[in-house]
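Chemist:
Residue numbers (our numbering): 1 to 630.
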């Protein structure tokens with residue numbers, strides 16, 4: 001076993017100095033991967049990958065015959081400050097301390113106060129500096145499974161480095177920063193994604209911390225330094241705290257020359273709850289963690305999901321957590337899966353208990369819709385100028401989201417059924433509209449798949465069924481998803497779609513923020529497909545143009561906003577949208593597989609595009625934080 005190997009991610013060629021220092025030496029070897037162009041000497045060519053992806057690939061592919069694995073950015077320049085060369089200095093520090101992790105003092109081009117603190121650098125040979133840069137990390141072989149794979153859930157950048165630092169905390173006295181050599185950042189690329197948008201990096205860091213924080217057992221130490229409650233969710237707080245402690249207590253690294261295995265669960269569990277999904281695959285080979293789940297385990301997943309009933313999902317608390325735990329307890333050959341992956345498998349493979357096959361049916365609506373061709377019409381502005389009004393009106397039944405689009409040529413003229421979420425923005429205007437139209441113009445039904453409608457004076461939520469008596473007085477039945485036992489089938493649909501609160505970046509400083517809910521219009525599509533209809537053709541629903549940031553003119557046709565106000569709210573334009581990615585994913589996995597479902601061609605083309613497919617793949621990786629619903 002050689003002492004160490006150096007692992008490098010590079011665009012096309014490795015750093016020639018690093019090759020000279022480390023390649024094919026008695027004590028060490030050198031390996032690299034490329035991301036911009038193939039290289040015959042590389043372990044692998046990795047196009048369209050993040051920095052984190054490539055680090056994970058290196059960690060999985062490198063031969064497992066080294067005591068230490070040194071991850072070194074290709075643009076780093078080493079400056080030994082003693083008499084030894086670069087390789088010799090690394091060897092000396094490894095032999096002296098036998099550390100859990102070794103790094104070196106930051107130099108020029110490093111964004112850290114330590115880089116400028118020459119007095120501190122020169123005052124000692126080594127120190128414990130929590131949260132050092134991840135561009136230079138030398139990891140003991142026993143901890144490779146602890147640090148890798150680095151997370152990609154949140155984009156695979158600064159937040160993955162931050163978590164690496166957090167995972168060092170159980171071993172801090174053995175995380176050695178040597179002052180005997182400095183590394184300079186020789187190529188600070190200000191066009192790199194992590195340098196272009198500080199606000200986006202901050203968001204990803206905080207989301208990562210929100211995800212891992214419940215597993216960290218020393219929050220009582222960190223939280224004492226929070227200036228306000230929300231400050232506890234700031235990812236940088238833990239860095240500030242541990243650097244403060246290390247500096248004020250002058251914590252110095254300890255040599256541990258007889259240590260052969262740093263992966264001590266008893267020590268680790270003092271700091272982390274290993275039941276958290278981050279640690280689910282600790283005992284699974286790293287290579288397997290980067291692969292798809294094998295066919296044998298897919299059968300196990302599908303077998304368990306086939307036993308999930310509709311009533312299992314009809315709950316106010318997240319049902320996928322125990323279901324995923326059960327699956328992971330039986331998976332034998334692959335990595336464990338996340339709850340989000342579990343949902344994706346369910347949508348794709350389990351058809352018997354889906355909402356469109358299992359939700360309760362209203363007999364009145366059943367008889368009205370049976371064997372009918374239905375047009376569903378939303379307020380998306382792409383229909384303007386389409387001339388599809390006559391096609392819409394040619395259907396047996398026209399279902400319309402709300403009312404108020406006076407454009408028969410493009411949107412059609414009929415409203416046989418009105419779909420409404422019946423919240424405070426939409427319910428009262430709809431009632432007023434229905435009170436003031438002729439009897440022959442009234443819809444046959446109002447349908448609603450939502451639950452909560454308005455906040456009552458007593459502080460309790462009034463549910464959408466509070467409108468029943470009002471619509472009855474107008475001679476219009478209201479069809480909801482409420483059951484006789486006061487449960488709501490909407491709960492099951494919520495968990496089936498699995499909307500998540502998150503943000504998406506489209507350009508520098510340009511984001512869309514999504515809430516953990518889906519649109520009532522999309523819920524109505526699922527509701528209608530529960531009935532024995534012949535066809536459901538959808539017009540004017542385009543997932544808010546796939547959730548790309550826009551003004552209200554890009555979300556709704558003007559006639560609609562004139563009726564209901566900007567964004568349907570009294571507050572004007574708003575980039576906070578219902579989660580579009582969860583709906584697009586569900587639409588592809590469930591609705592489009594129903595032969596009765598016909599999505600308008602422009603929307604179908606968008607949904608099947610490479611860009612949306614990639615966005616959905618990234619979306620699946622995101623955790624869901626809101627694990628309850630009304």
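Beta carbons are placed, not taken as given, at the ideal position from N, Cα and C, and that holds for glycine. Since the model is a prediction, treat every value here as computed from it, not as a measurement.
(1) Please classify residue 438 as buried or exposed, where buried requires at least 16 other C-beta atoms within 10 Å of its C-beta.
(2) Sort 559, 505, 327, 590 by Cα distance to residue 550 and report the nearest one.
(3) Taking just the CA atoms, how far does residue 238 sit from residue 495?
(4) With residue 454 as the anchor, note down where its beta strand (DSSP E) starts and where it stops.
(5) Thinking just about the alpha-carbon of each residue, which of 4, 27, 2, 71 is nearest to the one in residue 15?
(6) Would you give the residue range spanned by the beta strand (DSSP E) that residue 375 belongs to?
(7) I'd like to know if the segment 205-215 and the segment 89-104 are in contact, where contact means that at least 3 CB-CB pairs between them fall below 8 angstroms.
(8) Using a Cβ-Cβ distance under 8 angstroms, would residue 49 count as near chain D?
(9) Provide the residue span of the beta strand (DSSP E) that contains residue 28, from first to last.
(10) In terms of alpha-carbon separation, which member of 201, 298, 361 lies closest to residue 508?
(11) Using beta-carbon positions only, say whether residue 185 and residue 110 come within less than 8 angstroms of one another.
(12) Report buried or exposed for residue 85, applying the criterion of at least 16 other Cβ atoms within 10 angstroms of its Cβ.
(13) By Cβ distance, which residues of its chain are closer than 8 angstroms to residue 144, with the 5 residues on each side in sequence left out?
(14) For the beta strand (DSSP E) holding residue 305, just list the boundary residues, first then last.
(15) Please work out which residues of its chain come closer than 6 angstroms, Cβ to Cβ, to residue 149, disregarding the five sequence neighbours upstream and downstream, and give them in chain order.
(16) When the Cα atoms are used, what is the spatial distance from residue 128 to residue 264?
(17) Quick check on DSSP: helix, strand or coil for residue 628?
(18) Please go through the same chain and pick out, in chain order, the residues whose beta-carbon is closer than 6 angstroms to the beta-carbon of residue 570, but skip the five residues on each side of it.
(19) Decide if residue 385 is buried, meaning its Cβ has at least 16 other Cβ atoms within 10 Å, or exposed.
(20) Thinking just about the alpha-carbon of each residue, which of 336, 126, 247, 208 is nearest to the one in residue 502?
(21) Which residues in the same chain have their Cβ closer than 6 angstroms to the Cβ of residue 50, if we skip the five residues on either side of it in sequence?
(22) Once you ignore the five residues that flank residue 282 on each side, which residues in its own chain have a CB closer than 8 angstroms to its CB?
(23) Alpha carbon to alpha carbon, how far is residue 243 from residue 130?
(24) Evaluate residue 601 with the Cβ neighbour count: other Cβ atoms within 10 Å of its Cβ, from every protein chain shown; 16 or more gives buried, anything less gives exposed.
(25) Grab the span of the alpha helix (DSSP H) containing residue 320 for me, first residue to last.
(26) Which value, in whole angstroms, describes the spacing of the CA atoms of residue 530 and residue 553?
(27) Using the beta-carbon count (16 or more within 10 Å), is residue 257 buried or exposed?
(28) Excluding sequence positions up to five away, which residues of its chain have a Cβ less than 8 angstroms from the Cβ of residue 625?
(29) Only counting the same chain, and skipping five residues up and downstream in sequence, which positions put a Cβ closer than 6 angstroms to that of residue 18?
(30) In whole angstroms, give me the CA-to-CA distance for residue 231 and residue 132.
(31) Note down the Cα distance separating residue 619 from residue 229, rounded to an integer number of angstroms.
(32) Are there three or more Cβ pairs, one per stretch, closer than 8 angstroms when the segment 99-115 is compared with the segment 167-177?
(33) Look at the Cβ atom of residue 391, then the Cβ atom of residue 419, and state whether they are nearer than 8 angstroms.
(34) With DSSP run on the structure shown, which of helix, strand or coil describes residue 62?
(35) Taking the beta carbon of residue 82 as the centre, do at least 16 other beta carbons fall within 10 Å, making it buried, or is it exposed?
(36) Does the segment 477-485 come within contact of the segment 454-465, defined as at least 3 CB pairs closer than 8 angstroms?
Modeler: Straight from the coordinates:
(1) exposed
(2) 505
(3) 33 angstroms
(4) 452-455
(5) 71
(6) 373-377
(7) no
(8) This model lacks chain D altogether; it includes just one protein chain.
(9) 28-34
(10) 201
(11) yes
(12) exposed
(13) 59, 69, 286
(14) Unbroken run through residue 305 is the alpha helix (DSSP H), 295-305; no beta strand (DSSP E).
(15) 56, 289
(16) 20 angstroms
(17) strand
(18) Below a pLDDT of 50, predicted positions are generally treated as unreliable, and residue 570, at 42, falls in that range; no measurement from the model is reported.
(19) exposed
(20) 208
(21) 156
(22) 145, 146, 274
(23) 6 angstroms
(24) exposed
(25) 320-330
(26) 32 angstroms
(27) exposed
(28) 210, 211, 500, 501, 516
(29) none
(30) 22 angstroms
(31) 29 angstroms
(32) yes
(33) no
(34) coil
(35) exposed
(36) yes
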